[in-house]
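A short write-up of the structure that comes next.
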Amino acid sequence: MKKLINKPEDVVKEALAGMLAAHPDLLRVDVEQQVIVRKDAPVPNKVGVISGGGSGHEPMHGGFVGRGMLDAACPGAVFTSPVPDQILEATKAVSSGSGVLHIVKNYTGDVMNFEMAAELAAAEGIEVASVVTNDDVAVQDSLYTAGRRGVGVTVLLEKIVGGFAETGAPLEQVAALARKVNEQGRSMGMALTSCTVPTAGHPTFELGEDEMEIGIGIHGEPGRRRVKLAPAAEIVEMLATPVIDDLGLKAGEQVLAFVNGMGGTPLIELYIVYNELQRILKGKQVSIGRSLVGSYITSLEMAGCSITLVRLDDELVKYWDAPVHTPALRWGV
Amino acid sequence: MKKLINKPEDVVKEALAGMLAAHPDLLRVDVEQQVIVRKDAPVPNKVGVISGGGSGHEPMHGGFVGRGMLDAACPGAVFTSPVPDQILEATKAVSSGSGVLHIVKNYTGDVMNFEMAAELAAAEGIEVASVVTNDDVAVQDSLYTAGRRGVGVTVLLEKIVGGFAETGAPLEQVAALARKVNEQGRSMGMALTSCTVPTAGHPTFELGEDEMEIGIGIHGEPGRRRVKLAPAAEIVEMLATPVIDDLGLKAGEQVLAFVNGMGGTPLIELYIVYNELQRILKGKQVSIGRSLVGSYITSLEMAGCSITLVRLDDELVKYWDAPVHTPALRWGV
Amino acid sequence: MSMTTEDVLRWLQQLAQVLQENREYLTQLDAAIGDADHGANMDRGFKAVSAKLATLTNADIGAILKTVGTTLVSTVGGASGPLYGTAFLRAGIATAGKQVLSEADVVVLLTAFVEGVKARGKAQVGEKTMLDALQPALDAAKKAGSDGLDLAQLLKQSSDAAQQGVQATIPLLATKGRASYLGERSIGHQDPGATSSWLILKTLADSCG
Amino acid sequence: MSMTTEDVLRWLQQLAQVLQENREYLTQLDAAIGDADHGANMDRGFKAVSAKLATLTNADIGAILKTVGTTLVSTVGGASGPLYGTAFLRAGIATAGKQVLSEADVVVLLTAFVEGVKARGKAQVGEKTMLDALQPALDAAKKAGSDGLDLAQLLKQSSDAAQQGVQATIPLLATKGRASYLGERSIGHQDPGATSSWLILKTLADSCG
Ligand SMILES: Nc1ncnc2c1ncn2[C@@H]1O[C@H](COP(=O)(O)OP(=O)(O)O)[C@@H](O)[C@H]1O
Ligand SMILES: Nc1ncnc2c1ncn2[C@@H]1O[C@H](COP(=O)(O)OP(=O)(O)O)[C@@H](O)[C@H]1O
Ligand SMILES: [Mg+2]
Ligand SMILES: [Mg+2]
Ligand SMILES: [Mg+2]
Ligand SMILES: [Mg+2]
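This is the structure we're talking about:
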């Protein structure tokens, strides 16, 4: 296992200590409890917006804590959802009395732990609303799955909803916008290589030199199918088509296009992917209103990418453009 | 070779097309000539600041074009410096009559091609000043080398000098600040894995599962020495000590600390590296005035990191903090 | 024969050991159809449990099991944390105040344990989860109880049924948890959670045998 | 015997072919002590040269070589672009207006070529660069010229000396170019630029032989 780490079991806490040292102006970090809180939280008269999940997806979620995005994040062990105590701590730290929104990615573990935390918070008199993201079209939302996974849309949703929460909107409306963004967005991802969970010590799966996995999530798990390596143009076609179809995008519509790297993919490749994506969208007369290219929701050092499209309207554009000041996303400030 | 690309020889042009599509508000891109220009260039009464070098280091340099940083960048083939015609085109595109600064990393090819371009520009009546960065302490600056390599400081210099140029300062002063930043900065890097030049098709070097290269540059070349893999704490010690010593940092001094990923390193590991670095600096009573953590000057998909320290003073802090609006670095705007 | 507080403490102590030894094994199973953390999750949780055992020597069985449940909830995370956490919590509630458990009490304990997993996870038998080991184990324990077998035999039969349940997960298509995302590719792999459920029951049988 | 415009055009045409065939080889040499692009750089440059040859059938030798020089400068980049670009440019200036070159003219051409590399790169013999092939090649050509050998023999001796120069780079410690960053680790590897210099001269000898 080749990683810039010390002991595998210390990875999360040491990275948190590094984050705190690097961003003392933006964050408070409880390294022991594994809670990252916006420096000025709780912000009076504002819904607290929090998220969390396993570590290994950096910058998500900790890198999105700050003005205009998340009020707190609670990272679990690598690829393991946080525990209820931790989520409760984060909830309390951002609660100004206006309620707290939990943004939860749809994984059995995440959903259960956040549910338990929400019950505990309610018992302490904090009003909590939860929104579960489930945008991964690689997985069918059927009786035969635990529903679709929450992936790339989560990043965009945290930005848009965080921007809206900054206006002082009530919990109900903040949660409603979150549900809307989730409904308007779909994603699909692929891997060129596996990744290695530090405590496991070897790659989660083996992939031949001429193979790739299509339809992966963000936990280093194998995808829906293993196919022969292909040129970027074909790969992007394989990812974008199901996303476009599932969203039912029509000529004349406008999207937020997000090309995401899985952690080990260099930016030069992501721009090649973006070039193919914009070509495909142009062919369908779908216009790209806003875009994001970079590694924002990752699977440790996995090489690969995902594509996320969110159907835009004026409201979404407005809060996407709103100022944001976090370690990983910043504009207007 | 596992990459998200189409044909190896089209990598640079397709990535440029992607950059243009993703940032039409910030950039003009001549995909054929391989020149990336700030949308509103030439900016009247401002020194034009340009840089360039081989591709494969993204976001450097193209991702740093925009207000407060570079006016243009000219990327060559992967790991191959741009040609004089290209540099001349970029120089002309940003020339408002106030002169143009060439920021050149110290590699024989880069230096020669920029020299030839500067002669051509002079022949067309454009005043050009050149600053060569050479911050890599892995290489001795002696008769027996082509001098030290230019690496991480280049990124920080482009930001600081770009911020200063925005004030309308004359070419002479802009070049002087660039020389100062270069003199105040040192870097050192290491690799856990090699990278693959697309046209070469296989990794530049092979490295055992328990080995790493210390003292690498940014062109996928082997480093100064191959040693056994070590914990992050030891690796950071190996990189930071020569940097601190060469700079002669003393207790009470303040630095800009930059932990850089080589392209295939996940952010979680970079924060662990940053944590070790801040511990070492604290031990020496050197304070971190500003910091940057991320993959900004890369070697394709190489896993590894580099550490750069720049001794800070008020002038440097002022222009580091100045507004910047580029694809890869943005604040204050 | 009956189960005492000491038996329970010995069980939990040994279980921490067993899960540490099987950490790599559980992680490998999870790598095939999940995210390669089940071994680390269980080991982390039961290390925390083990650290608490010293403080529990005077507690009754119900209190011990409740502490195990809350410890697992607050240290494991993932799917297995809430599932096993709820299972132990419910088992603790069902045995509240007891210092000794008869065969019938053990069946009550196991029933509450399995109900906890069901209530939290909403899975059914056949979905390739822990339940595919736990449900047959509970059924076997109930049958052994009504057949009048003694505790050692009861636990042995329960554990054996769990082991068969683990084997039976191999050909199943997962429809709950992360393995369900793999669709057809989940077939042919043994479920990690079912496997840890069996280890829990096997260690119980071994330490009260 | 003398070298004609046709010989020069045939040389350049064959050279584009030879460099394409040796692309992988040059890249491998550059991977060991550089950045794995020398093969791609030379191939890209001479492909561009080759594409221009059709427009040069009526040009004199000086004009042809100058065009090669400017084409290399504007398509190769890296260290080899300016170095070979300047070499061909200077060779073109030294043969300006000529349709035919005598043995003495060829020595003049080679002298200008090597001076171009020296002027641009400021390296000396023994620093593990192109010059370690080019200088012995020039010396051999001069000697052959003063010995009164004919063109074919002159070029053959020059090319052979270049080949020996290439071999001689292996034990050298690089002190110029990117290989110098490797320090002691550059020892034991053949210099890619010296190798491409030899290929240029060998192809010249072959096509005027
Ligand atoms: N809804 C559920 N009901 C019962 N067991 C489940 C359910 N979902 C998942 N599991 C069990 O959890 C195990 C995985 O646990 P673990 O790897 O620790 O968590 P995660 O899946 O969050 O990484 C699976 O092997 C399965 O047996
Ligand atoms: N100063 C110099 N003088 C002569 N030749 C040089 C000099 N520097 C480098 N070279 C030659 O250039 C070759 C490398 O060329 P190339 O790989 O195309 O460029 P780069 O080093 O920029 O990647 C080296 O093998 C060496 O022979
Ligand atoms: Mg998990
Ligand atoms: Mg090069
Ligand atoms: Mg798991
Ligand atoms: Mg090279």
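Protein chains in written order, with the UniProt record's numbering: chain A, 1 to 333; chain B, 1 to 333; chain C, 1 to 209; chain D, 1 to 209. Glycine included, every Cβ here is placed at the ideal spot set by N, Cα and C. Model, not experiment: these values are computed from the prediction.
Where Thr203 of chain C is concerned, the enclosing alpha helix (DSSP H) starts and stops at 192–207. Rounded to the nearest whole angstrom, the C-alpha separation of Leu143 of chain B and Leu138 of chain D is 26 angstroms.
At least one CB atom of chain C sits nearer than 8 angstroms to the CB of Phe79 of chain A.
Against chain B, the beta carbon of Arg120 of chain D has neighbours under 8 angstroms at Met112, listed in chain order. Lys284 of chain B carries a coil assignment under DSSP once its states are collapsed to helix, strand and coil. Just so you know, the alpha carbons of Met238 of chain B and Met190 of chain B end up roughly 9 angstroms apart. Within the region 197–232 of chain A, the complete beta strand (DSSP E) segments at least 3 residues long are 211–214, 225–228, listed from N- to C-terminus.
DSSP places Met60 of chain B outside both helix and strand once states are collapsed to three, so it counts as coil.
Of all residues in the region 105–136 of chain D, those with a C-beta nearer than 8 angstroms to a C-beta of chain B are Arg120, Gly121, reading in chain order.
In the three-state DSSP reduction, Arg148 of chain A falls in the coil class, being neither helix nor strand. Annotation: the region 44–101 of chain B contains the following complete segments of the beta strand (DSSP E) (minimum length 3 residues), in chain order: 48–55, 72–78. With respect to the 8 angstroms criterion, His202 of chain B and Phe79 of chain B are not classified as neighbours on the basis of their beta carbons. A Cβ-Cβ separation of about 15 angstroms leaves Ala175 of chain A out of contact with Ala122 of chain A under the 8 angstroms criterion.
Within its own chain, the residues whose Cβ lies closer than 7 angstroms to the Cβ of Leu292 of chain B, once the five positions on either side in sequence are excluded, are Phe258, listed in chain order. Residues of chain B with a Cβ closer than 9 angstroms to the Cβ of Ser291 of chain A are, in chain order, Ala21, Ala22, His23. Along the region 227–248 of chain A, the positions whose C-beta sits under 7 angstroms from a C-beta of chain B are Leu229, Pro231, Ala232, Ala233, Ile235, read in chain order. Secondary structure within the region 158–196 of chain B: the alpha helix (DSSP H) runs of 4 or more consecutive residues, fully enclosed, are 171–184 (chain order). Secondary-structure assignment with DSSP links Ala129 of chain A through a beta bridge to A:Leu101. In the DSSP secondary-structure assignment, Arg290 of chain B is bridged to B:Leu256.
Closer than 7 angstroms to some heavy atom of ligand 6: that does not describe the Cβ of Gly34 of chain C.
Scanning its chain for C-beta atoms nearer than 7 angstroms, with the 5 sequence neighbours on each side dropped, one finds around Ala232 of chain A the residues Ile272, Val273, Glu276, in chain order. By the beta-carbon neighbour count (other beta carbons within 10 angstroms, threshold 16), Asp147 of chain D is exposed. Counting only the Cα atoms, Gln163 of chain D lies some 9 angstroms from Ser197 of chain D. In the three-state reduction of the DSSP assignment, Val137 of chain B falls in the coil class. Of all alpha-carbon atoms in C:Ile61, C:Gly77, C:Leu72, the one lying nearest the alpha-carbon of Gly92 of chain C is that of C:Ile61.
At a Cβ-Cβ threshold of 8 angstroms, Ser2 of chain D and Leu151 of chain D count as neighbours. Taken in chain order, the whole alpha helix (DSSP H) runs of length 4 or more contained in the region 96–132 of chain D are 103–121.
Leaving aside the five residues that flank Val333 of chain A on each side, the residues in its chain whose CB is nearer than 8 angstroms to its CB run, in chain order, Arg67, Gly68, Pro323, Val324, His325. Per the DSSP secondary-structure output, Asp30 of chain B pairs in a beta bridge with B:Val35. Within its own chain, the residues whose Cβ lies closer than 6 angstroms to the Cβ of Lys105 of chain B, once the five positions on either side in sequence are excluded, are Gly53, Thr133, Gly150, Thr154, listed in chain order. As the crow flies, the alpha-carbon of Val49 of chain C is around 13 angstroms from that of Leu89 of chain C.
Contact annotation for Ala17 of chain A against chain B: Asn275 [CB-CB distance below 7 angstroms, chain order].
Our two residues, Gln173 of chain B and Ala40 of chain C, have alpha carbons roughly 58 angstroms apart in a direct line.
DSSP places Leu309 of chain B inside the beta strand (DSSP E), whose first and last residues are 304–311. For Asn6 of chain B, there is no enclosing alpha helix (DSSP H), since its DSSP letter is neither H nor E.
In terms of beta-carbon proximity, Gly193 of chain C stays away from the interface with chain A, with every pair separated by 8 angstroms or more.
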